[in-house]
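In our numbering, the protein residues as written are 79 to 158. By construction, the Cβ of each residue, glycine as well, lies at the ideal position given by its N, Cα and C atoms. Report on the following structure.
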């Protein structure tokens, strides 16, 4: 007698194929698109981080320029 949960397959190769089918479908529907999308997403993230760094550097440079102009103005007022 077979257990009620056990499938009745006469061909062992067919049973292995049917067991592997959900895994193959899962890989095709999830892993393959992620492998294709991952480089694009990483490049996008890299561009975002680079632009953030450039923005931070520009703010820092502007702050330095303002402080230099302020100190020059104070120095010229002190000599006047």
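From residue 129 to residue 98, what distance separates their C-alpha atoms?
45 Å
Straight-line CA distance for residue 111 to residue 102?
13 Å
Between the alpha carbons of residue 94 and residue 114, how many angstroms are there, rounded?
29 Å
With respect to the alpha helix (DSSP H) encompassing residue 102, which residues constitute its N-terminal and C-terminal limits?
90–104
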